[in-house]
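Residue numbers -19 to -1, 1 to 300, in mature numbering (1 follows the signal peptide of the UniProt record, and there is no 0), belong to the letters of the sequence shown in order. Backbone N, C-alpha and C fix where the C-beta goes; we use that ideal spot for every residue, glycine too. Remember, predicted model here, so these are calculated numbers, not experimental data.
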Amino acid sequence: MRLVRLWCIIFVLAVRSCGFVCFRHRLQHHEIVRQRMSSSLSTFDQVRIEDWRDASQLHAALCSCQDTELMPIVRRSLRILSDAIRIFGVDSIYVSFNGGKDAVVILHLLRAAAYAATLSNQNESRKPHLVYFDSRGEFNEVRNFVSDTCSNVSDEFHFHFLNGGFVSGLTELVNQTKPQPLSFVLGTRQGDPNSGGQEHFEPSSDWMPPFMRVNPILDWSYGDVWHFLRYFGLPYCSLYDAGSFLFYQTSKYLTGYTSLGSQQSTFQNPALQQEDGTYLPAYELDDFSLERAGRVEASPNAGAVRSPGKPPSAARSSS
């Protein structure tokens, strides 16, 4: 009897030990994933803006950037936006903000440029405009991020939340501002489906109402975008982050996206998937040509960002 009891005790202890080892393994795996998400922060010096919601701090940080890769492209982008403000006036500047990574970059660049214009003109009542084109099938994470961001910069912009497609919404804006010319800031980069040989300043297509496209990050790469966001510690949509072992199997929409569109046209990037089913964060994509590997072509309806003279072919530029 004592021998039986002894074996029972040994069995219970073994089961508990096994459970503890499994639990410890899971926690260790989770920690590895967490460290992987933040490990590349040490690959370059990071400048944390004490409060990125403060346009003056943002402007100071961007202008004092000493990173050899970022400094030239940031200064060039700020110069492009400053020229747009000087020519069109800050209150005729509209920026498209769809919550994607490129949109986040141009939003903060414009905030800095608009702040600089305010300093030189001493006219704090004039503000640029932020436009969100609400469309069906948007990720809830994107909507929430857009809402949070708009709340944080509410004193710096006039807001326009438009239902329907990009083209119809943009046409409405152009018609509302007539005869004042409109300048529309976009996050288009070379290689995007709709970049089509555009320049930093690109007039609208002849079949569209007259307005000026402003493409301040046209020459930026995918890596430049993530370098900028992480160097300055700027927030971005959570869908770009890594997927964790503890929840990836129970989530319908896993993280690990590199380009965001509608839920129907956007999937996790297979280039980021690991053997255990988790996904690396978007900024760890090595091959920039695979940025849109998780996207499928959308139905045509957004020629506003199409190259001049060509018909529409995609809903929005990549983000």
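Roughly how many whole angstroms lie between the Cα atoms of residue i and residue j?
{"i": "residue 168", "j": "residue 87", "result": "6 Å"}
{"i": "residue 185", "j": "residue 255", "result": "43 Å"}
{"i": "residue 265", "j": "residue 196", "result": "25 Å"}
{"i": "residue 68", "j": "residue 32", "result": "30 Å"}
{"i": "residue 63", "j": "residue 259", "result": "42 Å"}
{"i": "residue 71", "j": "residue 183", "result": "18 Å"}
{"i": "residue 257", "j": "residue 248", "result": "18 Å"}
{"i": "residue 297", "j": "residue 194", "result": "Because residue 297 carries a pLDDT of 46, less than 50, the predicted location of this residue cannot be relied on, and no value is offered for it."}
{"i": "residue 160", "j": "residue 189", "result": "15 Å"}
{"i": "residue 304", "j": "residue 177", "result": "No answer is possible for residue 304: the residues shown for the chain start at -19 and end at 300."}
{"i": "residue 129", "j": "residue 136", "result": "13 Å"}
Looking at the structure shown, is residue i part of a helix, part of a strand, or coil, going by DSSP?
{"i": "residue 23", "result": "Residue confidence is low: residue 23 scores 41 on pLDDT, short of 50, so the model does not pin down where it sits. Its coordinate-derived value is still stated next. Of the three classes helix, strand and coil, the one that applies to residue 23 here is helix, per DSSP."}
{"i": "residue 300", "result": "coil"}
{"i": "residue 141", "result": "strand"}
{"i": "residue 247", "result": "strand"}
{"i": "residue 110", "result": "strand"}
{"i": "residue 115", "result": "strand"}
With distances taken from CA atoms, which of the options is nearest residue i?
{"i": "residue 44", "options": "80, 90, 64 and 250", "result": "90"}
{"i": "residue 236", "options": "245, 134, 92 and 261", "result": "261"}
{"i": "residue 41", "options": "66, 92, 107 and 81", "result": "92"}
{"i": "residue 243", "options": "253, 217, 33 and 276", "result": "276"}
{"i": "residue 65", "options": "50, 127 and 95", "result": "95"}
{"i": "residue 206", "options": "39, 55, 37 and 139", "result": "55"}
{"i": "residue 151", "options": "182, 246 and 110", "result": "110"}
{"i": "residue 217", "options": "127, 114 and 162", "result": "127"}
{"i": "residue 80", "options": "251, 116, 212 and 156", "result": "116"}
{"i": "residue 146", "options": "138, 114 and 162", "result": "114"}
{"i": "residue 61", "options": "97, 46 and 47", "result": "97"}
{"i": "residue 48", "options": "38, 191, 212 and 246", "result": "212"}
Would you grab the beta carbon distance between residue i and residue j for me? Rounded to a whole angstrom, and I think it's under 8 Å.
{"i": "residue 171", "j": "residue 200", "result": "6 Å"}
{"i": "residue 164", "j": "residue 73", "result": "6 Å"}
{"i": "residue 269", "j": "residue 51", "result": "Their Cβ separation, rounded to whole angstroms, is 16 Å, which puts residue 269 and residue 51 out of contact at 8 Å."}
{"i": "residue 119", "j": "residue 220", "result": "Contact doesn't hold; Cβ gap of about 11 Å is too wide."}
{"i": "residue 141", "j": "residue 166", "result": "In fact, because the Cβ distance is near 13 Å, the residues do not count as touching under 8 Å."}
{"i": "residue 273", "j": "residue 240", "result": "5 Å"}
{"i": "residue 85", "j": "residue 215", "result": "6 Å"}
According to DSSP, what are the bridge partners of residue i?
{"i": "residue 182", "result": "195"}
{"i": "residue 165", "result": "75 and 194"}
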